[in-house]
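Residue numbers (the working numbering), protein chains in the order written: chain A, 1 to 433; chain B, 434 to 750. Idealized CB from N, CA, C, for every residue including glycine. All of these numbers come straight from a predicted model, not from anything done at the bench.
Have a look at this one:
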């Protein structure tokens with residue numbers, strides 16, 4: 001075959017101009033499959049969307065209208081890069097529920113806690129720097145770490161959360177290898193995706209391990225107030241204000257549409273975070289911050305959280321009861337709070353490979369591979385119970401049981417040796433978070 | 434007809450929903466630019482009441498199914514449109530069904546004298562009945578490696594693997610079976626990967642310039658939708674004689690399958706210059722990085738002009 005000379009196109013005139021950190025970005029098939037998950041016919045046990053049906057929409061509507069009518073000249077204007085002072089006062093009160101004693105000056109308001117995560121990574125991580133995180137870990141964090149070319153070292157968890165001995169070994173191993181760890185990223189309470197919480201006894205131990213090795217702790221705590229029995233575990237930051245950077249959000253306890261989160265950090269870190277945030281976004285949305293403040297001032301938000309706990313508990317119960325009935329060949333944890341159940345699949349099943357079969361059966365989940373930086377996790381899937389009704393959860397689990405049954409037939413035919421290891425980390429999307 | 438009213442169907446429940454939605458929006462934009470009245474509708478329970486409604490202003494002159502995968506490409510939506518008495522752009526249900534099933538398409542096109550790589554079609558159940566290991570041994574002894582493993586239905590390279598090592602064959606089949614209960618194993622052909630768009634604007638089918646795809650690795654889902662991963666040559670780097678042969682092969686496949694108006698024929702051209710038919714797509718991708726728009730531009734068509742010509746030809750047929 002002759003090949004006359006010709007010049008091709010990559011359909012992107014800037015192909016050679018992108019930063020090295022974009023080179024690993026991939027368009028995954030999984031994202032295509034989640035486009036189907038948004039259809040009403042599909043029971044999505046994938047997304048981490050809070051169920052906001054119980055919010056007092058009339059009140060929110062009124063306070064928002066009043067806000068614009070009475071203070072529109074301020075609400076619709078630029079604001080402070082650190083965040084609105086009134087909201088920062090409220091955030092200190094909210095964090096007080098978890099035992100944190102903070103000053104409003106310690107707080108930087110962000111566009112969701114995802115931006116807080118981005119800012120913390122931006123100021124601490126150079127390419128190749130090591131971040132220690134639980135195994136598995138929050139997919140949105142892994143994506144940020146990858147974007148800044150950090151390297152994640154996973155540390156084992158058990159039913160009581162991060163295993164201190166494993167943490168100790170990982171930190172020491174990294175140090176001996178000449179690769180000091182920049183920070184520990186942890187979701188200690190109602191972990192996403194694993195659903196477990198770091199026991200109170202271990203909290204002090206984990207902090208001591210990090211403190212003695214001069215490793216910063218980044219505590220991501222979106223679900224801390226959503227314990228189903230009403231117990232609120234003390235935040236890591238409540239024990240150590242100097243060694244812990246705390247990330248919080250109103251996305252789960254109020255509504256994600258406001259995109260209001262925050263970071264509470266030691267003084268010097270906070271100063272850098274403010275500068276980094278100003279360079280990224282100038283300031284967080286003033287209107288959103290003032291709306292959240294108005295909600296907190298005009299509504300029994302603690303009572304609202306109690307209602308959320310009851311609602312999510314009902315859904316959790318529907319999930320674990322359905323799993324027990326329909327999937328005896330799987331194992332899972334019973335989360336005490338939060339949004340997720342972490343399900344171990346029968347030997348040989350690859351959650352990522354099985355996903356198209358599931359979406360064909362009109363049910364969606366997130367493959368465990370999304371929650372590891374190193375391609376592990378194919379033997380797990382994350383099931384969310386936060387958004388679907390209990391009836392839909394039961395139906396979704398029933399469908400999923402059929403999918404697993406079919407997949408097991410394949411595994412028995414072809415054997416488990418075919419399981420894939422995939423190095424791609426999912427980019428975060430609302431379907432995965 | 435001064436301003437035809439075209440209803441584009443996009444979305445649906447297939448694994449290619451996202452791509453279909455983007456194709457639908459792109460075609461709609463181009464048709465509006467060509468002064469057509471256009472609406473885009475999803476495949477949902479709202480669609481039939483809308484199509485059977487009595488308001489004549491809501492009745493489209495033409496429906497363009499741009500549904501990738503499943504009911505949009507297997508002829509079933511076209512069948513429903515015929516039941517409702519609507520004119521639509523594209524092939525009839527029978528040819529759609531033939532093209533949708535890669536095995537049937539290869540058989541039909543092969544019988545018409547077009548080369549197509551050796552293949553075998555294996556339903557999941559057959560592995561159960563004959564034993565997976567023994568069956569895979571037979572396949573690899575016959576074809577050798579590498580082979581392409583594909584779901585017998587579907588596009589966008591979903592569930593498709595190029596297998597070079599025997600140990601990877603099981604995983605490739607499991608990935609294919611996740612999309613379809615039947616898998617196709619095909620001898621891999623090395624050479625140039627080409628996509629040939631065949632259109633019929635009312636005077637018979639002809640091929641637009643072939644688009645050559647060069648990719649560092651398989652032309653997989655990421656390479657298709659992540660600009661930069663693949664390099665495209667439109668027209669393909671073929672000498673005139675071979676370009677003519679490729680175009681004739683694509684048109685021959687188009688005719689053999691009984692396709693109408695628009696299709697994309699995927700081919701490989703080996704080192705000896707033989708074009709090998711791989712598959713035909715009755716609802717090819719039409720988004721910004723898709724192959725049909727690239728071919729149209731290589732033929733000096735603007736997209737509004739080409740798409741409006743397709744609409745007008747469909748209305749005149």
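Residue interval of the beta strand (DSSP E) (run including residue 14 of chain A): One-based indexing of the first chain puts residue 14 of chain A at position 14. Taken as a continuous stretch (DSSP letters only), residue 14 of chain A belongs to no beta strand (DSSP E), as it is neither H nor E.
Same chain only: Cβ atoms within 7 angstroms of residue 662 of chain B, ignoring 5 sequence neighbours per side: By one-based count along the second chain, residue 662 of chain B stands at place 229. Within the same chain, residue 662 of chain B has close Cβ partners 648, 655 and 656.
Residue of A:128, A:159 and A:408 minimising C-alpha distance to residue 136 of chain A: Here residue 136 of chain A refers to the residue found at position 136 when the first chain is read from its first residue. For the residues A:128, A:159 and A:408, the minimum Cα distance to residue 136 of chain A belongs to A:159.
Residue from A:320, A:260, A:254 and A:259 whose Cα sits closest to the Cα of residue 304 of chain A: Here residue 304 of chain A corresponds to residue number 304 of the first chain, with the count starting at 1. Nearest option by C-alpha distance: A:254.
Identity of the residue in A:27, A:40 and A:72 nearest residue 288 of chain A by Cα: Translated into positions along the first chain, residue 288 of chain A becomes position 288. Residue A:72 is the option with its Cα nearest to residue 288 of chain A.
Under 7 angstroms (Cβ pairs) to chain A, residues found in the segment 646–660 of chain B: For the segment 646–660 of chain B, which is checked against every Cβ of chain A, the residues closer than 7 angstroms are 647, 654, 655, 658, 659 and 660.
Any chain A beta carbon closer than 7 angstroms to residue 610 of chain B: Stepping through the second chain from its first residue, residue 610 of chain B is reached at position 177. So yes, residue 610 of chain B belongs to the interface.
Burial state of residue 57 of chain A (16 or more Cβ within 10 Å): As a first step, residue 57 of chain A must be located in the first chain, where it is residue number 57. Exposed, because fewer than 16 other Cβ atoms sit within 10 Å of the Cβ of residue 57 of chain A.
Start-to-end residues for the alpha helix (DSSP H) that takes in residue 719 of chain B: Reading the second chain from its first residue, position 286 is the one you call residue 719 of chain B. That residue, residue 719 of chain B, is in no alpha helix (DSSP H); it is neither H nor E in DSSP.
Residue 192 of chain A versus residue 262 of chain A - alpha carbon distance: Mapped onto the first chain, residue 192 of chain A falls at position 192. Mapped onto the first chain, residue 262 of chain A falls at position 262. Those two C-alpha atoms are separated by around 18 angstroms.
Secondary structure of residue 294 of chain A, DSSP reduced to three states: The sequence position of residue 294 of chain A within the first chain is 294, counting from 1. In this structure, residue 294 of chain A counts as helix in the three-state DSSP scheme.
Distance between residue 250 of chain A and residue 306 of chain A (C-alpha atoms, nearest Å): The count along the first chain starts at 1 and reaches residue 306 of chain A at position 306. The count along the first chain starts at 1 and reaches residue 250 of chain A at position 250. Straight-line spacing of the CA atoms in residue 306 of chain A and residue 250 of chain A works out to 15 angstroms.
Where residue 450 of chain B meets chain A, residues with beta-carbon distance less than 7 angstroms: Along the second chain, one-based indexing puts residue 450 of chain B at 17. Going along chain A in sequence order, the residues near residue 450 of chain B (Cβ under 7 angstroms) are 35 and 36.
Residue range of the alpha helix (DSSP H) that includes residue 633 of chain B: As a first step, residue 633 of chain B is located in the second chain; it is residue number 200 there, counting from the start. Per DSSP, residue 633 of chain B belongs to no alpha helix (DSSP H); it is in the beta strand (DSSP E), 625–633.
Reduced DSSP category for residue 186 of chain A - H, G, I as helix; E, B as strand; rest coil: Stepping through the first chain from its first residue, residue 186 of chain A is reached at position 186. Of the three classes helix, strand and coil, the one that applies to residue 186 of chain A here is strand, per DSSP.
Length of the line joining the Cα atoms of residue 129 of chain A and residue 22 of chain A: Numbered from 1 along the first chain, position 129 holds the residue referred to as residue 129 of chain A. Numbered from 1 along the first chain, position 22 holds the residue referred to as residue 22 of chain A. Distance between the alpha carbons of residue 129 of chain A and residue 22 of chain A is about 17 angstroms.
Range of the contiguous alpha helix (DSSP H) that encloses residue 529 of chain B: Within the second chain, numbered from 1, the residue matching residue 529 of chain B stands at position 96. Residues 526–533.
Proximity of residue 697 of chain B and residue 628 of chain B at Cβ, strictly below 7 angstroms: Taking the first residue of the second chain as 1, we reach residue 697 of chain B at position 264. Taking the first residue of the second chain as 1, we reach residue 628 of chain B at position 195. Taking 7 angstroms as the Cβ cut-off, residue 697 of chain B and residue 628 of chain B qualify as a contacting pair.
Closest Cα partner of residue 52 of chain A within the set A:213, A:340, A:146 and A:256: Walking along the first chain from the start, residue 52 of chain A turns up at place 52. Closest option to residue 52 of chain A, Cα to Cα, is A:256.
Where residue 18 of chain A falls, given that 16 or more other Cβ within 10 Å makes a residue buried: Walking along the first chain from the start, residue 18 of chain A turns up at place 18. Burial call: exposed.
Among A:349, A:314 and A:93, nearest to residue 335 of chain A - alpha-carbon criterion: Within the first chain, the letter at position 335 stands for residue 335 of chain A. Residue 335 of chain A has its Cα closest to that of A:314, out of A:349, A:314 and A:93.
Alpha-carbon spacing of residue 701 of chain B relative to residue 709 of chain B, whole angstroms: Here residue 701 of chain B corresponds to residue number 268 of the second chain, with the count starting at 1. Here residue 709 of chain B corresponds to residue number 276 of the second chain, with the count starting at 1. Taking C-alpha positions only, residue 701 of chain B is separated from residue 709 of chain B by approximately 5 angstroms.
Inter-stretch contact (C-beta, 8 angstroms, three-pair minimum) for the segment 55–70 of chain A and the segment 260–274 of chain A: no
Neighbour list for residue 664 of chain B in chain A, Cβ cutoff strictly below 8 angstroms: Looking up residue 664 of chain B in the second chain gives position 231. Result: 8, 9 and 10.
DSSP-derived helix/strand/coil call for residue 8 of chain A: One-based indexing of the first chain puts residue 8 of chain A at position 8. In the three-state DSSP reduction, residue 8 of chain A falls in the coil class, being neither helix nor strand.
CB contact check: residue 245 of chain A to chain B, cutoff 7 angstroms: Stepping through the first chain from its first residue, residue 245 of chain A is reached at position 245. So, not an interface residue.
Test item: CB-CB of residue 373 of chain A and residue 142 of chain A under 7 angstroms: Here residue 373 of chain A refers to the residue found at position 373 when the first chain is read from its first residue. Here residue 142 of chain A refers to the residue found at position 142 when the first chain is read from its first residue. Their beta carbons are under 7 angstroms apart, which means residue 373 of chain A touches residue 142 of chain A by this criterion.
Interface residues of chain A facing residue 606 of chain B [CB-CB closer than 7 angstroms]: As a first step, residue 606 of chain B is located in the second chain; it is residue number 173 there, counting from the start. Under the 7 angstroms cutoff, chain A gives 414.
Residue 287 of chain A (DSSP reduced to helix, strand or coil): As a working mapping, residue 287 of chain A is identified with position 287 in the first chain. For residue 287 of chain A, the secondary structure class from DSSP, reduced to helix, strand or coil, is helix.
Residue 442 of chain B at chain A interface by Cβ criterion, 7 angstroms: Position 9 of the second chain, counted from the first residue, corresponds to residue 442 of chain B. The beta carbon of residue 442 of chain B does not come within 7 angstroms of any beta carbon belonging to chain A, so the residue lies off that interface.
Amino acids of chain A, ordered along the chain, whose beta-carbon sits closer than 7 angstroms to that of residue 573 of chain B: Sequence index remark: in the second chain, residue 573 of chain B carries index 140 (1-based). Going along chain A, no residue has its Cβ under 7 angstroms from residue 573 of chain B, so there is no contact; the nearest lies around 14 angstroms.
Interface flag, residue 678 of chain B vs chain A, CB-CB below 7 angstroms: Taking the first residue of the second chain as position 1, residue 678 of chain B is located at position 245. So, not an interface residue.
One or two residues paired with residue 521 of chain B in a DSSP bridge: Reading the second chain from its first residue, position 88 is the one you call residue 521 of chain B. Its beta-bridge partners are B:496.
Rounded C-alpha distance that separates residue 79 of chain A from residue 214 of chain A: Taking the first chain and counting its residues from 1, one reaches residue 79 of chain A at position 79. Taking the first chain and counting its residues from 1, one reaches residue 214 of chain A at position 214. Their Cα atoms are separated by approximately 35 angstroms.
CB contact flag (residue 596 of chain B, residue 615 of chain B, <7 angstroms): The residue you call residue 596 of chain B lines up with position 163 of the second chain. The residue you call residue 615 of chain B lines up with position 182 of the second chain. Against a cut-off of 7 angstroms, the Cβ pair of residue 615 of chain B and residue 596 of chain B comes out as no contact.
Cβ-based neighbour list, residue 89 of chain A, same chain, cut-off 6 angstroms, excluding 5 preceding and 5 following: The residue you call residue 89 of chain A lines up with position 89 of the first chain. Same-chain partners within the cutoff: 104.
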